[in-house]
Structure formats: structure tokens, C-alpha cells
Amino acid sequence: MTLKDKVLKAHDRQIKLSYRLAKVGYDTFTGKLLRLRVYYADALILIKNWRDFLYIRKENIGDKYFAVDQAIMHSTHSQVQKLMQVEPQVRGNDLGIIRILAPSYMLNNPLSLGMNGNQHTGVRALFLQALPDPVAQADVLGNLVNQSLSEAANRGQLHIGDDLPGFMLQILHQLVFQISLSAEEITASRTYIKGLALASFPTFISKYLLAFKTAPNIKHRGRLIERYKQSPKWAAYLQTAARYRLNEHQIANSLFDMIHIAGTAGTSALLGSVIGVLCLNDVLRGEVISEINAVWNGKEALNGYALEQSTLMNQVILETARLYPPVRFVSQLAKESGEVAIAGQQCPFQKGTRLLGSIFTANRDSNRYQNPDDFDVTRDFSDLLSWNGEGHERACPGKSLSIGLIKVFLLYLFQKYQWNSITQVQWDFNNVTAVTPNDLVLKGFAQHL
Ligand code: HEM
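Residue numbers for the sequence shown follow the working numbering, so the first one is 6 and each next one is one higher.
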């Protein structure tokens with residue numbers, strides 16, 4: 006059977022299931038079991054062919070279609086933008102398309118993405134307190150980034166997939182808790198992130214059958230969280246959290262997820278893509294280097310001015326985030342049952358159905374972006390969806406820090422470091438890992454003399 010046949014046949018089953026769920030109930034035991042079956046059936050295809058899966062369904066079924074656990078996928082820019090702006094939003098404990106079915110992997114604290122109401126307002130207040138303003142703290146970011154890059158220089162190479170996540174973990178722990186992680190802790194945190202998909206198996210499988218894999222990760226999380234409580238910043242977090250009646254467990258776990266899942270995975274993937282784009286495009290790289298020379302000479306400590314004046318770099322980062330969005334899906338729950346037109350039929354859907362937004366296809370929607378697959382820094386990015394839009398309850402709180410950090414990396418890379426060759430720059434649109442050129446290596450990586 007061809008991939009197309011598989012993807013469409015699995016969708017036929019989803020359509021049939023929509024009528025069946027209307028009869029047996031969405032959240033009954035049978036309903037849950039039936040949804041789990043289609044979830045894993047779609048997931049098996051998605052894991053190895055995520056981009057083709059999205060486009061085969063979009064081109065053959067329409068802009069809205071069923072996917073994974075009978076969720077309704079929205080694939081155009083206007084649909085996804087509208088979805089993101091719904092307020093208040095009702096969420097389940099989901100990470101994009103991944104359903105967290107074993108909360109034990111997160112020490113039984115839901116992701117902030119899965120929180121609602123006062124609890125969600127509280128953790129957002131905590132995030133905003135914990136995340137520094139990159140312009141005000143440019144020198145601090147500069148020193149941390151320089152430390153990371155000098156480690157790579159000592160090794161003589163910068164490896165996108167292997168090095169950047171570790172750098173980000175170290176930097177974010179310094180910024181949020183003023184603590185330094187050991188090499189072993191960084192490795193354990195990286196293993197934790199890589200193992201996130203293990204949380205989408207039911208508890209029985211994740212916690213017990215796969216204990217040989219999950220137990221060390223969970224143990225690491227527990228240990229790190231105890232370290233957070235020793236941080237000089239802990240008392241200030243406790244004070245904020247008390248206003249929203251959040252306890253220590255919720256604070257530490259939510260900040261753990263903020264650093265590991267949202268911060269590290271997202272920013273290292275985007276930074277890797279930006280480096281990849283600049284390695285491939287000599288003209289653009291030359292223009293970025295000219296801008297860097299104009300805003301910072303590399304001799305004085307970095308200041309906020311250099312970040313504010315790096316306007317071309319800003320556009321490069323936004324355009325890269327459009328083409329290679331680190332977060333590909335956003336998810337919320339339908340507040341009421343209803344009907345949705347899919348494949349020319351009015352299909353019933355139930356209250357609690359997941360409404361998914363596909364940022365990847367929305368960002369490449371030809372009704373919104375001219376020549377959507379071309380890299381073009383002159384575009385209007387005012388309604389870019391990659392950070393979940395702007396100015397609403399679920400927009401990414403780390404947007405300015407992540408852009409600031411990437412700018413600081415570029416400033417240091419091009420002003421203070423050099424390399425003599427690169428390996429192939431390639432984005433993998435099949436395997437559902439981070440969208441970044443993971444195998445890219447800058448060889449002969451060294452500090453400028
Ligand atoms: C310093 C780096 C970052 C931090 C600390 C951070 C933090 C967060 C947090 C805590 C949330 C959850 C917000 C909530 O529950 O209301 C979030 C959401 C989100 N972030 Fe970030 N983020 C970072 C970088 C990025 C990057 C680089 C991107 C993509 C370009 C990104 C895209 C998103 C998106 C799309 C969401 C919404 C997800 C959803 O609603 O399902 N973030 N971020």
C-alpha cells in the first residue's frame with residue numbers, strides 16, 4: 006500500500022469513528038478505547054512521515070480533517086490564527102499532537118499548556134517573572150553564550166543537534182535559577198527531553214513496563230527540582246505563586262517544563278535552523294555580518310542597543326521561524342459538541358474533542374504568504390503564528406527572550422568565533438523530531454585570534 010493510500014484509509018476510519026463516538030460517547034470507556042486505537046494508528050504513520058501526512062490529508066480531504074485521537078486539524082493560516090485567539094481556552098494535558106497519558110513522567114503536575122483558569126494565570130505570572138528581558142540583560146546573556154561557545158571551541162567543533170540543547174539548558178538554568186548544571190545533569194536533562202514521547206503511553210506501560218527508560222528520567226527531574234528550591238530566586242517565586250495559591254510542587258515542576266520543553270527544545274531548534282539558513286545563503290550571511298559589525302565591535306561588553314538595532318537579524322529569525330517552526334501544533338478542546346464539514350460530509354464531533362492547529366502548514370499557506378516556500382526577509386511578520394501569535398492568554402511568554410538569545414548567539418558567532426568548513430545542511434521533514442538541521446557541524450570551530 007502506498008503512503009497516500011495508508012494516510013487516506015486511516016482517515017476513512019476516523020470519519021466512521023465520528024459517527025460511532027456520537028453513539029457510544031466521547032469520554033466513555035469504549036469512546037476512549039476507540040480513540041486510542043486511531044491515535045496510535047495515525048501516530049505510527051506521522052512519526053516517520055509527518056509532513057507528507059499533513060499535506061496528503063490537506064490536499065485530498067480539505068483544510069480541516071481528522072487526525073490522531075479524532076482531533077480536528079485546522080491547516081490554513083486564517084483557521085489557525087482564529088483558533089489561537091479563542092479566550093478563555095479550555096485545554097487538556099497535551100503537548101501539540103502528543104497526549105500526555107502518563108502524568109507520572111511529569112511528577113503528576115500538568116503542563117502549563119494543560120492548565121486552565123486561575124492555575125494557568127498563576128503559572129504565567131511566574132513565567133513572566135522568571136524570564137529576563139534580553140535587552141536589559143544583554144551583557145549577562147552575552148557572557149553565558151560566550152561560555153557555551155568557548156566550550157565548543159575547546160572541542161574544535163560546533164554540532165547543531167548535539168551541542169545547542171545542552172547550551173540552552175545551561176543558560177536557562179542560570180537565568181531562571183542562577184544555578185549551574187554539571188555535565189551529568191545536562192546529559193540527564195537532554196535524555197529527559199528526548200524521552201518525552203514516553204509520556205504518551207498509558208501509565209501502565211510508561212511507568213511500569215518501560216520503567217527501565219522512564220525511571221531514571223523521572224528520578225533526574227525529582228533531583229533537579231530539589232536543587233531549584235535551593236536557588237537564590239526561589240523565595241521570590243514562592244511569593245508570586247502564593248498570590249495564585251500555587252504550591253512548591255507546582256512552581257518547581259512548571260518551571261522545569263518551561264526550561265526543558267518550551268525553552269530548550271524550541272530555542273535550540275530555531276537557533277540551529279537560523280545557523281543552517283546562514284550557512285547556506287552566502288549573500289544573506291554577508292549582510293548579517295555587516296549589520297553585526299555596525300552594531301557591536303566585539304570588544305566592549307554586549308549591550309541592549311546591539312540587540313535593538315539588529316533589524317535584519319530579527320527578520321532572518323522570524324522568517325526562519327515561519328519556514329521551520331519549532332512548535333508545529335497547538336491544541337485546545339471544543340467547549341461544545343457540534344458538526345464539522347469534513348470530506349464533503351457533516352461529521353458530528355463531541356464536547357472535549359481536540360481542536361488542533363497546524364502551524365507548519367499555516368505558515369506555508371499561499372493565501373497568506375506569496376511564494377510561501379521561498380525564504381524572504383521582507384515579508385510582513387505582524388501575524389506570524391510561530392510563537393502562537395501575540396497578545397492573548399496562550400501566546401508564548403518566551404518570545405522576546407528566545408529571539409534575544411538567538412541574536413546574542415549570532416553576534417558572538419560572527420564577531421568572536423570562526424570555523425573553516427561545514428557539513429551538509431539538511432532539514433528532516435520525515436522523522437517527527439525537531440525541525441532543525443540536526444547533523445550540521447561547524448568544523449575547525451575556534452575563537453577569533
Ligand atoms: C526562552 C525560550 C522559550 C521559553 C522560555 C518559552 C516558554 C513557553 C511557555 C512556558 C509556554 C506555555 C505558555 C502557557 O502555558 O500559557 C510556551 C508556549 C508556546 N511557545 Fe514558547 N518558549 C520559548 C521559545 C519558543 C520558541 C523559540 C518558539 C517557536 C518559535 C515558541 C513557541 C511557542 C508556542 C507556539 C507556544 C504555544 C503552545 C500551545 O499553546 O500549545 N516558544 N512557550
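Ideal Cβ positions, reconstructed from N, Cα and C, are used throughout, including at glycine.
The structure displayed is predicted, hence computed values, not measured ones.
### Task
From the DSSP output, in three-state form, read off Tyr417 for me.
helix
### Query
Per DSSP, what kind of secondary structure is Asp388 in: helix, strand or coil?
coil
### Per DSSP, the bridge partner or partners of Ile223
None; Ile223 has no bridge partner.
### Query
Name the DSSP bridge partner or partners of Arg359?
Leu338
### Residue from Asn393, Leu8, Pro353 and Cys352 with nearest C-alpha to Asp47
Leu8
### Phe34 in three-state terms, based on DSSP
helix
### Message
Shorter than 7 angstroms, the distance from the beta carbon of Thr208 to the closest heavy atom of the ligand HEM, or not?
### Response
no
### Range covered by the beta strand (DSSP E) that runs through Cys401
Per DSSP, Cys401 belongs to no beta strand (DSSP E) and is neither H nor E.
### Message
If I measure Cβ to Cβ from Val95 and keep anything under 7 angstroms in the same chain, skipping five residues before and after, which residues do I get?
### Response
Asn121, Gln337, Leu338 and Lys340
### Query
Cα separation between Lys37 and Met78?
19 angstroms
### Query
What are the uninterrupted segments assigned as beta strand (DSSP E) that are 3 or more residues long and contained completely in the stretch 99 to 185, given in chain order?
162 to 164
### Message
Tell me whether the stretch 123 to 134 and the stretch 248 to 265 touch, counting them as touching only if at least three CB pairs, one residue from each stretch, are closer than 8 angstroms.
### Response
yes
#### Entry: Among Ser109, Ile102 and Leu323, nearest to Ile52 - alpha-carbon criterion
Ile102
#### Entry: Per DSSP, the bridge partner or partners of Ile427
Leu447
#### Entry: Length of the line joining the Cα atoms of Asn258 and Asp10
42 angstroms
### Query
For Ser371, is the beta carbon positioned less than 7 angstroms from some heavy atom of the ligand HEM?
no
### Query
Looking only at C-alpha atoms, which of Asn368, Asn376, His164 and Asp433 sits nearest to Asn54?
Asp433
### Query
At a cut of 8 angstroms, does the stretch 269 to 278 reach the stretch 163 to 173 through at least three beta carbon pairs?
yes
### Message
Between Asp444 and Gln431, how many whole angstroms is the CB-CB distance? I'm expecting something under 8 angstroms.
### Response
7 angstroms
### Task
Could you check if Asn113 is buried or exposed, using at least 16 other CB atoms within 10 Å of its CB as the buried criterion?
exposed
### Closest residue to Val382 among Thr196, Thr316 and Val335 (Cα-Cα distance)
Thr316
### Query
Does any heavy atom of the ligand HEM sit closer than 7 angstroms to the C-beta of Val335?
yes
### Query
Under the criterion of a Cβ to heavy atom distance below 7 angstroms, does Thr272 qualify as lining the ligand HEM?
yes
### Message
Assuming contact is defined by CB atoms lying nearer than 8 angstroms, are Pro93 and Glu324 in contact in what I supplied?
### Response
no
### Task
With a cut-off of 8 angstroms on the beta carbons, I'd call Gly119 and Asp99 a contact; round off their distance for me.
6 angstroms
#### Entry: Distance between Gly403 and Gly396 (C-alpha atoms, nearest Å)
13 angstroms
#### Entry: Pro115 to Arg104 span [Cα, whole Å]
11 angstroms
### Message
What does the Cβ neighbour count give for Leu163, buried or exposed, with the cut at 16 atoms within 10 Å?
### Response
buried
#### Entry: Residues bridged to Glu344 (per DSSP)
Pro353
### Task
Measure the beta-carbon distance from Leu307 to Leu214 and round it to whole angstroms, keeping in mind my assumption that it falls under 8 angstroms.
Wrong, their Cβ atoms sit about 49 angstroms apart, outside the cutoff.
### Message
For Ala135 and Leu146, what's the separation of their Cα atoms in angstroms?
### Response
14 angstroms
### Task
Go ahead and label Tyr24 buried or exposed: buried means 16 or more other beta carbons lie within 10 angstroms of its beta carbon, across all protein chains shown.
exposed
#### Entry: Euclidean distance between Cα positions of Arg40 and Ala107
16 angstroms
#### Entry: Terminal residues of the alpha helix (DSSP H) in which Lys21 lies
Leu8 to Val29
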